[in-house]
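Below: the structure, in structure tokens.
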Amino acid sequence: MAKNNLQISRGKSIADKIKYPFSVASATIKNAWYDLTVIITNFFRKLTGADKRTKTRSQKNRLIGESIFVWALLAYPLLQFCICYVGVNLNSILLSFKQYVLYETETGDIAYKWQLLPINDFFKNFKDFVYDMTNDITMGTIVSNSFVAYLVSTCIGLPLNLMFAYVIFKKVPASGFFQVMLYLPQMVSNVVISMMFSKFVGESLPNIMKYTFGVEMEANLMTAGDTIFGMNLFYAIWAGFGSQLILYAGAMSRIPVSLIEFGELEGITLLKEFWYVVIPMIYSTITVFLVTGIAGIFTNQLALYNFYGGGASFHAQTIGYHFYVMVLGEGSSTIMDYPYASAAGLLFTLIVAPITLVGRHFLEKYGPTVEF
Amino acid sequence: MNTKRYRIKKPFYKQVFPMAIFILLIVYVLSMLIPFCWAIFTSLNTHVRYIENSIILKNDTAWVKFCKLFYIPVETMLGQEGFTFDNYVWAWNNFRVDSVGNGVYTEVGELFLNSFVYSIVATLITTATHSITAYISARYSHHKIAAILYPIVIVTMLLPIVGNLPSELNMMRMMGWYDRVWGLWLMKGGFLGTNFLIFYSGFKSISWEYAEAAFVDGASHFRVLVQIMIPLASGTLGALALITFITYWNDWKVNIQYLPTTWPMISNALYRFQSDGGVPGITTPRRMAGCLIIATPLIILFVIFRKKLMGSLTIGGIKG
């Protein structure tokens, strides 16, 4: 095969000049990749004696070679899966029946070790968690916050993502600029965005409200008990455009042009095009986020750790944040909370798994079926 | 006589729905631009001027009031003083981390290098694992082991395990991976998740006839993968690798969760700017300067690769 001799022209515009070094780097990487693949394949040909082979390989040998290829490539991913997914989750189940206890070593030192709970108190971690859920008044707020956060992200965030992706897909004026602005929060570290947001809202917004609209703001919206959760929800939507938007826009770009043109010739409005053509055509992509998002009820942390570290007011806390803060840290007191958090996680999984399966079933049964 | 009438589509600006979204989009963009512009102006202010700007006096002219409202350095706008870049110098010099707490700081150069090495290696491992497993699953599904990969991914997405962070940390401690960057690379280098589905969809859409032609010419499976399939999937590969790199680069929680004392990174150094006690002498203008130092290279990177990112990625469904 011929080597890729990629010719890169410098171009005349400023954008071309900026892109030039990247294009050169890209071409260099492609050429280097090609050279590397030739070296590797030649090495293996020599190693296996394939370059000296004159006879055609039998069907059986070909199948063996294919099996070796498949197993060689899958060895690491499967091992990683066994340890880091299966192992971690089995350990999570085990942890929920364990405790971290003090004991005296042979040398007389004091140390900690993991121990299974005694049989008469085997479900202690689960009982503790259920007790806290039913008796701790703050947990009620935390749970309701988690559900509200999920509903807001699904009922407001998802439609906004879809509509903005559609606007980009239709290439409205300045759609490139809109793309950059919409993806900006995802591109830039969320610490940067959250820091700008919190300082702007906390320090500048009161001034703007006072001198522009004559409204005196008594407290910082990011810390006041009445507004803290609302502001965090707003931030989650405001800074939440990104990967979903890219995937929706990508799915829309795959819709056959002839279908869109047919609709245009029939004179359908853009609302009808969006509702009757675009949504059904990208339905499979939407279901991915709808179905997998259900687990977000128990994992969504909003951006609470960005704004408040481990000390967010319970008015704003979600379940995801509550347990995240619980297990962070290095000391033994933090590690002691692992079994409790694992038990809670196991119970949440038992709740969310059937909801997810039922949700998926309904989405597939009653949603549009489109293949293209 | 044929009296067929052709209806003409209204332009988008004469339709309510797209105009409503368009206006919403403009409002959103303004809401994003205002804090950014505010951050830029604030970073060019001294702390004293920043405080002064928050007090609007009755005898201020309309122009001065406007400048003060948005923290625009009034003196600079009136031509009395220039912009100050001291905050950028200060922020650059204070991007340093004493992760062990023994007074030995990791300086800004090493922080950037750590971030770069961590992100590059993690991206290479993750992208390679996702793409290879997706390729095998999409094209070698007649092998039993390859056939179960796709259902595994779907099942893990449909049956999400909630709250396994304690177990993950516990396992990492047991295996000696905790607080080791290579341990984290191994832990993160799995094939589960939406990236697998994107690669799967990408490899499925590439015609297998290219591979068959190469096999007839005597190419091995490995050669077909590296010299035909990967170049054909380079658009998806590049876009996902870039997104993955940025995700790892921005992941400031890595140091808090997995690498508390070793391998400090720039994203974590920036996080320390957030709290008043995080870095001695921190002020809002200095914070904003630090934010902009970190944000600017990524914004430039995105503007350059925007077209390659958007439209390169499509995901299939989750039908198992």
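In the order they appear, the protein sequences are chains A and B. Under my numbering, think of the first position of the first sequence as 612, with each following residue one higher. Under my numbering, think of the first position of the second sequence as 58, with each following residue one higher. Even glycine gets a Cβ: it sits at the ideal position worked out from N, Cα and C.
Under 7 Å from the C-beta of residue 259(B): neighbouring residues of chain A
Position 202 of the second sequence, counted from the start, is the residue given in the question as residue 259(B). Correct list: empty, because the minimum Cβ distance to chain A is about 11 Å.
Report task. For chain D, find out if any of its Cβ atoms is closer than 7 Å to the Cβ of residue 344(B); answer yes or no. Result -> Going by chain labels, chain D is absent from the structure shown, which instead holds the protein chains A and B.
- prompt: Where DSSP assigns a beta bridge to residue 712(A), which residues make up the other side?
  reply: Along the first sequence, one-based indexing puts residue 712(A) at 101. Note: residue 712(A) sits in a beta bridge opposite 724(A).
Note down the Cα distance separating residue 310(B) from residue 945(A), rounded to an integer number of angstroms.
Along the second sequence, read from residue 1 onward, the residue named residue 310(B) stands at position 253. Along the first sequence, read from residue 1 onward, the residue named residue 945(A) stands at position 334. Computed Cα separation, rounded: 17 Å.
Worksheet entry | Proximity of residue 298(B) and residue 184(B) at Cβ, strictly below 7 Å | On the second sequence, position 241 is the one that residue 298(B) refers to. On the second sequence, position 127 is the one that residue 184(B) refers to. It is a contact, given that the beta carbons lie within the stated cut-off.
> Does the Cβ of residue 259(B) have 16 or more other Cβ atoms within 10 Å, making it buried, or fewer, making it exposed?
Replying inline: As a position in the second sequence, residue 259(B) is number 202, starting the count at 1. The residue is buried, with at least 16 neighbouring Cβ atoms inside 10 Å.
*In whole angstroms, what is the alpha-carbon distance linking residue 974(A) and residue 853(A)?*
As a first step, residue 974(A) must be located in the first sequence, where it is residue number 363. As a first step, residue 853(A) must be located in the first sequence, where it is residue number 242. One C-alpha to the other measures close to 24 Å.
Inset, instruction - Would you identify the three-state DSSP class for residue 146(B), choosing helix, strand or coil? - result: Taking the first residue of the second sequence as 1, we reach residue 146(B) at position 89. Residue 146(B) falls in the helix class under three-state DSSP.
| Cβ shell of residue 911(A) (< 6 Å), same chain only, five flanking positions each side left out | Indexing the first sequence from 1 puts residue 911(A) at position 300. Hits under 6 Å: 760, 929, 931.
Tell me which residues of the region 188-211 of chain B have at least one Cβ-Cβ distance to chain A shorter than 7 Å, keeping chain order.
189, 190, 193, 197, 200, 202, 203
Interface flag, residue 904(A) vs chain B, CB-CB below 7 Å: Mapped onto the first sequence, residue 904(A) falls at position 293. False, the Cβ-Cβ gap to chain B never drops below 7 Å.
Start and end residues, alpha helix (DSSP H) containing residue 971(A):
The residue labelled residue 971(A) in the question sits at position 360 within the first sequence. First-last of the alpha helix (DSSP H) with residue 971(A): 949-977.
*is_contact[residue 104(B), chain A] using C-beta, thresh 7 Å*: As a position in the second sequence, residue 104(B) is number 47, starting the count at 1. Not an interface residue.
Which bits of chain B does residue 691(A) rub up against, with CB to CB less than 9 Å?
The residue given as residue 691(A) occupies position 80 in the first sequence. Going along chain B in sequence order, the residues near residue 691(A) (Cβ under 9 Å) are 186, 243, 244, 246, 247, 248.
Notebook entry, point to check: I think residue 348(B) touches residue 806(A), with their Cβ atoms under 8 Å apart; what is that distance to the nearest whole Å?
Noted result: Residue mapping note: residue 348(B) aligns to position 291 of the second sequence, counting from 1. Residue mapping note: residue 806(A) aligns to position 195 of the first sequence, counting from 1. Right, the Cβ-Cβ distance comes to about 6 Å (below 8 Å), so this counts as a contact.
Hey, which unbroken runs of the beta strand (DSSP E) at 3 residues or more fall wholly within the region 808-841 of chain A?
-> none
**Every unbroken alpha helix (DSSP H) inside the region 67-97 of chain B [4 residues or more]** = none
| message | Please report the distance separating the alpha-carbon of residue 748(A) from that of residue 840(A). | response | Looking up residue 748(A) in the first sequence gives position 137. Looking up residue 840(A) in the first sequence gives position 229. Distance between the alpha carbons of residue 748(A) and residue 840(A): 17 Å.
Considering only residues of the same chain and omitting the five flanking positions on each side of residue 285(B), which have a CB-CB separation below 7 Å?
Position 228 of the second sequence, counting from 1, holds the residue named residue 285(B). Result list for residue 285(B): 267, 268, 271, in chain order.
What three-state label does DSSP hand residue 898(A) in the structure shown? Here the question's residue 898(A) lines up with position 287 in the first sequence. It is helical.
Exercise for the section: Give, in chain order, every unbroken run of the alpha helix (DSSP H) that is at least 4 residues long and sits entirely within the region 651-699 of chain A. Expected result: 670-692
Q: Tell me whether residue 929(A) sits in a helix, a strand or coil according to DSSP, three-state version.
A: Translated into positions along the first sequence, residue 929(A) becomes position 318. The answer is coil: DSSP assigns residue 929(A) none of H, G, I, E or B.
Q. What number of angstroms, rounded off, separates the C-alpha of residue 694(A) from the C-alpha of residue 170(B)?
A. Here the question's residue 694(A) lines up with position 83 in the first sequence. Here the question's residue 170(B) lines up with position 113 in the second sequence. Those two C-alpha atoms are separated by around 29 Å.
Check: If you check the beta carbons only, do residue 154(B) and residue 326(B) fall under 7 Å apart?
Finding: Locating residue 154(B) in the second sequence gives position 97, counting from the first residue. Locating residue 326(B) in the second sequence gives position 269, counting from the first residue. Yes, these two residues count as a Cβ contact at 7 Å.
Requested in this report: Under 7 Å between beta-carbons, which chain B residues line up against residue 819(A)? List them in chain order, please.
Outcome: Here residue 819(A) refers to the residue found at position 208 of the first sequence. Result: 126.
- Message: Residues in the same chain with beta-carbon distance under 7 Å from residue 750(A), minus the five sequence neighbours each way, listed in chain order, please.
- Response: Translated into the one-based positions of the first sequence, residue 750(A) becomes position 139. 743, 744, listed in sequence order.
Taking only beta-carbon atoms, is residue 60(B) less than 7 Å away from chain A?
Along the second sequence, one-based indexing puts residue 60(B) at 3. Summary for residue 60(B): the model assigns pLDDT 49, below 50, so the residue's position carries little reliability; its value from the coordinates is reported in the next sentence. It does not; no Cβ of chain A falls within 7 Å.
Only counting the same chain, and skipping five residues up and downstream in sequence, which positions put a Cβ closer than 8 Å to that of residue 225(B)?
The residue you call residue 225(B) lines up with position 168 of the second sequence. These residues qualify, in order along the chain: 244.
- Query: Going straight from the alpha carbon of residue 659(A) to that of residue 282(B), what length do you get?
  - Reply: Indexing the first sequence from 1 puts residue 659(A) at position 48. Indexing the second sequence from 1 puts residue 282(B) at position 225. Cα to Cα, the separation comes out at about 18 Å.
The region 75-88 of chain B: which residues have C-beta closer than 8 Å to a C-beta of chain A, in chain order?
75, 78, 79, 81, 82, 85, 86, 88
Practice prompt. Examine chain A for any beta-carbon lying closer than 7 Å to the beta-carbon of residue 145(B), and answer yes or no.
Written response: The residue given as residue 145(B) occupies position 88 in the second sequence. No, residue 145(B) lies away from the interface with chain A (no Cβ there is under 7 Å from its Cβ).
So, is residue 230(B) buried or exposed, given that buried needs 16 or more other C-beta atoms within 10 angstroms?
Residue 230(B) sits at position 173 when you count from the first residue of the second sequence. Residue 230(B) comes out exposed.
Could one say the Cβ of residue 337(B) lies closer than 7 Å to chain A's Cβ atoms, at least one of them? In the second sequence, counting from the first residue as 1, residue 337(B) sits at position 280. Residue 337(B) does not count as touching chain A.
- Which residue's Cα is closest to the Cα of residue 263(B): 251(B), 108(B), 290(B)? To locate residue 263(B), count along the second sequence from 1; it is residue 206. Taking only the C-alpha atoms, the option nearest residue 263(B) is 290(B).
Less than 7 Å between the C-beta atoms of residue 970(A) and residue 905(A), yes or no?
Position 359 of the first sequence, counted from the start, is the residue given in the question as residue 970(A). Position 294 of the first sequence, counted from the start, is the residue given in the question as residue 905(A). Yes. Within cutoff.
In whole angstroms, what separates the C-alpha of residue 950(A) from that of residue 777(A)?
Residue mapping note: residue 950(A) aligns to position 339 of the first sequence, counting from 1. Residue mapping note: residue 777(A) aligns to position 166 of the first sequence, counting from 1. Using only the alpha carbons, I get a separation of about 46 Å.
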